[in-house]
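Peer 1: If you're matching positions, the sequence shown starts at 1 in full-length UniProt numbering and goes up one per residue. The beta carbon of each residue, even a glycine, is placed where N, CA and C say it ideally should be. Computed from a prediction, not measured in an experiment: that's the story for all the values here. Pasting in a structure now, in structure tokens, and then I'll have a few things to ask.
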Amino acid sequence: GYPVIPYLQGYMYTKGERLENCNTTLLENDHLVKITTSTVNDDNHYTYGPYNSYIDSNTELSPHSKAGCWKADVANENQWWQVEFTEPTIVQAVVTQGCDQQVNWVVNYTVLFSDDGVQFSVVGISDTRAFIANSNSDVKVVNLLPETLTKFVRIQPRASVGGEPGMRVEILGCANYETDHMEDLMKTASVSVSSIFNSDPDAYGPTRAYLNSALYPPVVMYGAWKARVLTQDQYIQVIRTQLNDLLFEREEIEIRIDI
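Shown next, in the form of structure tokens:
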């Protein structure tokens, strides 16, 4: 089995006090975080892939079918959901939901930590310790963890309802507020490009240029912006409006990358 991380001894905070001290939603607030899974149902990453596993993700029927959860391809205890932070991060709780609008949720799971993504340590008093998870699709269930500085968090479902394990997940912990990711800046920016492949902005447009955009097979969404023609005058351009605190007026910052 895995080496075991024991629970904190003599813990004196209440659940509410502990969450109040360090309860940043680490996945929702940082889209540079990498999410991977052991398998994906029917190998359909667009419909059932790991980036559908954010808390409160919704089922979408058009223009393409998208499930409101990650769903594994196999119903056994070897399946896992994993997050890799951009840097070691203090984590202290896991929040889970079942699949949106489906009778499919994880009943209990094991949590593992790792610094390198290779050697993992299980959280608990033994390597079979399981946290109680969900009993329906929608209610969010919070499980506290020993406050740990880690780069990887892996959740391994042990039992589930509805066949293959399916879940939505959030990790709570301490965010590094000094890190100013370009991804966060892009959220409030206007992005334009010289041309779009196949004139299909949903599959190849400027919003696909965000870091860590994933390819969803079959190619309904490409993992990058893609130009329509192979010439030297292709470009992607970002214009971000910000407030000048000294002049109390708005100013525009323009970034253009010529290909």
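#1: What's the C-alpha gap between Pro157 and Asn23?
#2: By DSSP, does Ile239 sit in helix, in strand, or in coil?
#3: Could you pull the start and end residues of the beta strand (DSSP E) that Thr36 belongs to?
#4: Classify Ala93 as helix, strand or coil using the three-state DSSP reduction.
#5: From Gln234 to Ala209, what distance separates their C-alpha atoms?
#6: Would you decide whether Glu170 is buried or exposed? Buried here means 16 or more other CB atoms lie within 10 Å of its CB.
#7: Nearest to Pro88 by alpha carbon, out of Glu147, Trp225 and Asn198?
#8: Could you name each continuous alpha helix (DSSP H) segment of 4 residues or more that falls completely within the UniProt domain "F5/8 type C" (22-174), going from the start of the chain to the end?
#9: In chain order, what residues of the same chain have a beta carbon less than 8 angstroms from the beta carbon of Pro217, not counting five sequence neighbours either side?
#10: Grab the span of the beta strand (DSSP E) containing Ala189 for me, first residue to last.
#11: Looking at the structure shown, is Asp202 part of a helix, part of a strand, or coil, going by DSSP?
Peer 2: Put simply:
#1: 23 angstroms
#2: strand
#3: Lys34 to Thr37
#4: strand
#5: 14 angstroms
#6: buried
#7: Glu147
#8: 45-48
#9: Any answer about Pro217 is weak, because its pLDDT of 49 lies below 50 and its placement is not dependable; what the coordinates show is given next. Only Asp43, Asn44, His45 and Tyr46 meet the Cβ criterion.
#10: Ala189 to Val193
#11: helix
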